[in-house]
Amino acid sequence: MSDSVGTARVRRVARGDDAYDTAVRDPLFNRLVPGGTPDAVAYPQSEADLVALVSAARDSGEKLALRSGGHSWVAASVREDGLLVDLQAFDQVVIDTTARTAAVGPAVRGGELGQALVAVDLAFPVGHCGRPGIGGFLLGGGLGLNWGQWLPSCFSIRSMRVVLASGEVVTASATQNPDLFWLARGSGPGFPGIVTEFELDLRPLPRDIRLSSWVFDLAQVEAVAEWVSRAVRALPASVEVSVVLQGPERPDGPATAGGDTDAPTHVVGVVAISYTDTEAEAREAFAALDEGPGTGIRSWEHTDRVRVAFDELHVGVDATYPDGHRYLADTFWSPRDLGDLLP
Ligand SMILES: Cc1cc2nc3c(=O)[nH]c(=O)nc-3n(C[C@H](O)[C@H](O)[C@H](O)COP(=O)(O)OP(=O)(O)OC[C@H]3O[C@@H](n4cnc5c(N)ncnc54)[C@H](O)[C@@H]3O)c2cc1C
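Here you go:
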């Protein structure tokens, strides 16, 4: 089959079509288009469709951009001119409970994967937010749930199927095309191919997941940072801690513990999650946090080691990213104490 016949069967929505604006904008996590837009959006249904699109683009010089879940902070999928290839049809999840692996399409959302795995007592380090596509999340390295024990998520990729710019479809793993496999550990939008499927190593589902949280007045941030820095040195890898600074416009509403009108408008929140198998293990795991930031420092909202389901952990995080907002995001690793890093 010639490339033109192959590409003709792939549905396209072109500039000028009624559905064009929606096709470009709606899959973006904040529904905001940063600048120039592509000539068309294409919806391949199979690897053969992708091979045809890539081969035709190679012949014509047309630029291709990719979209799996549309959760790039900068809308990396939306480029000026060229063709936006929307991989939404690649949403397969096939779980092998005996081998403890799953074959997962790049358009599957982290939350969907978590839910499918919980049903068979398995888990994977999906992102803290449930909505990013596995495609961009894994290629960017993937900082997921329980990363202290499960490491960045890209380390749980066993192999990938990749359509190359040559039109060839290859497998990348530790033993096949290892350079391509290595690039999957963080190259993100720079990855030189289209991943159509990831084979993932799965984990047993932790039996007892618990969450504690505290909300303090932002004025106490130094004492809170000292407490958290001290505690994390003693916490086991099964506990992950996040610290969030929030103002009065926080999407889940201002801190108004019990309707208390004295509640501070600017707060520092601390969330700790433990991934263990028994309640006793969870209690022991949290012990280093028990001393708190000091007497006289009031926590305006507090939950104490409440049990949570693995596939519900993302619910609160998702609520903090409403549509229609712009976000500035950055990530860095530091060996320094939290107090040194806060402004
Ligand atoms: C609200 C929000 C919360 C987030 N939370 C987390 C988190 O908890 N942990 C974390 O690690 N990250 C997190 N991220 C970052 C997120 O994982 C990355 O932005 C990731 O790129 C999103 O993947 P996507 O497939 O949805 O993105 P897309 O916008 O669809 O893709 C981004 C780019 O990745 C490349 N790409 C995507 N799929 C493929 C593919 N199949 N083959 C080849 N290249 C591809 C393309 O260049 C594409 O343009 C978050 C982002 C947002 C917006």
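Numbering of the sequence shown is given in this note's numbering, commencing with residue -19 and proceeding in unit increments. Virtual Cβ for every residue (Gly too), placed ideally from N, Cα, C. If you're wondering where the values come from, they're calculated on a predicted model, not measured in any experiment.
Item, Value
"When you compare only the Cα positions, how much space is there between V223 and V250?", "5 Å"
"What residue does the beta strand (DSSP E) around F66 start on, and which one ends it?", "Checking the sequence shown, residue 66 turns out to be Asp, not Phe. First-last of the beta strand (DSSP E) with D66: 63 to 66."
"By a C-beta neighbour count over all protein chains shown, 10 Å radius and 16 as the cutoff for buried, is W207 buried or exposed?", "buried"
"Quick one: which unbroken beta strand (DSSP E) runs of 3-plus residues sit fully inside the region -10 to 63? Chain order, please.", "-9 to -6, 20 to 23, 44 to 47"
"At the level of alpha carbons, what is the spacing between A154 and P132?", "17 Å"
"Excluding the five sequence neighbours on either side, which residues of its own chain have a C-beta within less than 7 Å of the C-beta of S(-18), listed in chain order?", "At S(-18) the pLDDT is 45, less than 50, meaning the model places this residue with poor confidence; the figure from the coordinates comes in the next sentence. Taken in chain order, the list of residues that qualify is empty."
"Under 9 Å between the Cβ atoms of A268 and A211?", "yes"
"Roughly how many whole angstroms lie between the Cα atoms of T(-13) and G121?", "32 Å"
"Between the beta-carbon of V149 and the beta-carbon of T176, is there less than 9 Å?", "yes"
"Can you list, in chain order, the stretches of the beta strand (DSSP E) that have 3 or more residues and sit fully within the region 248 to 322?", "281 to 287"
"Taking DSSP as the reference, what is the three-state secondary structure of G120?", "coil"
"Who are the Cβ neighbours of T258 in its own chain at under 8 Å, not counting the five residues just before and after it?", "R187, D188"
"Is it right to say P184 is buried, meaning 16 or more other beta carbons lie within 10 angstroms of its own, or is it exposed?", "exposed"
"Determine the DSSP secondary structure at S(-18), reduced to helix, strand or coil.", "Residue placement at S(-18) cannot be trusted, given a pLDDT of 45 that sits under 50; what the coordinates show is reported in the next sentence. Coil at S(-18), not helix or strand."
"With DSSP collapsed to three states, give me the class of A(-12).", "helix"
"Here's a check: name, in chain order, each residue in its chain whose Cβ is nearer than 7 Å to the Cβ of G62, leaving out the five neighbours to either side.", "P18, D19, E42, K43, L44, A45"
"Would you identify the three-state DSSP class for R213, choosing helix, strand or coil?", "helix"
"State buried or exposed for F290, treating a residue as buried only when at least 16 other CB atoms are found within 10 Å of its CB.", "buried"
"In or out: P158 buried (at least 16 other Cβ within 10 Å) or exposed?", "exposed"
"Compare the beta carbon distance of S314 and V195 with 9 Å and say whether it is the shorter of the two.", "no"
"Output needed for D284: all residues of its chain with C-beta closer than 7 Å, excluding positions within five of it in sequence on either side, in chain order.", "S192"
"Assuming D66 and Y23 form a contact by the criterion Cβ under 8 Å, report the distance between their Cβ atoms to the nearest whole angstrom.", "5 Å"
"How many angstroms separate the CA atom of V326 from the CA atom of E179?", "Examination of residue 326 is not possible in this model, given that the chain is present from -19 through 323 alone."
"Check whether the Cβ of S133 lies closer than 8 Å to any heavy atom of ligand 1, and answer yes or no.", "yes"
"Excluding the five sequence neighbours on either side, which residues of its own chain have a C-beta within less than 6 Å of the C-beta of L215, listed in chain order?", "A268"
"Between which two residues does the alpha helix (DSSP H) holding V98 run?", "90 to 98"
"Taking 9 Å as the cut-off, decide whether the C-beta atoms of G128 and S209 are in contact.", "no"
"Have a look at V58 and G272 and give me their C-alpha separation to the nearest angstrom.", "46 Å"
"Are the beta-carbon atoms belonging to L64 and V21 less than 9 Å from one another?", "yes"
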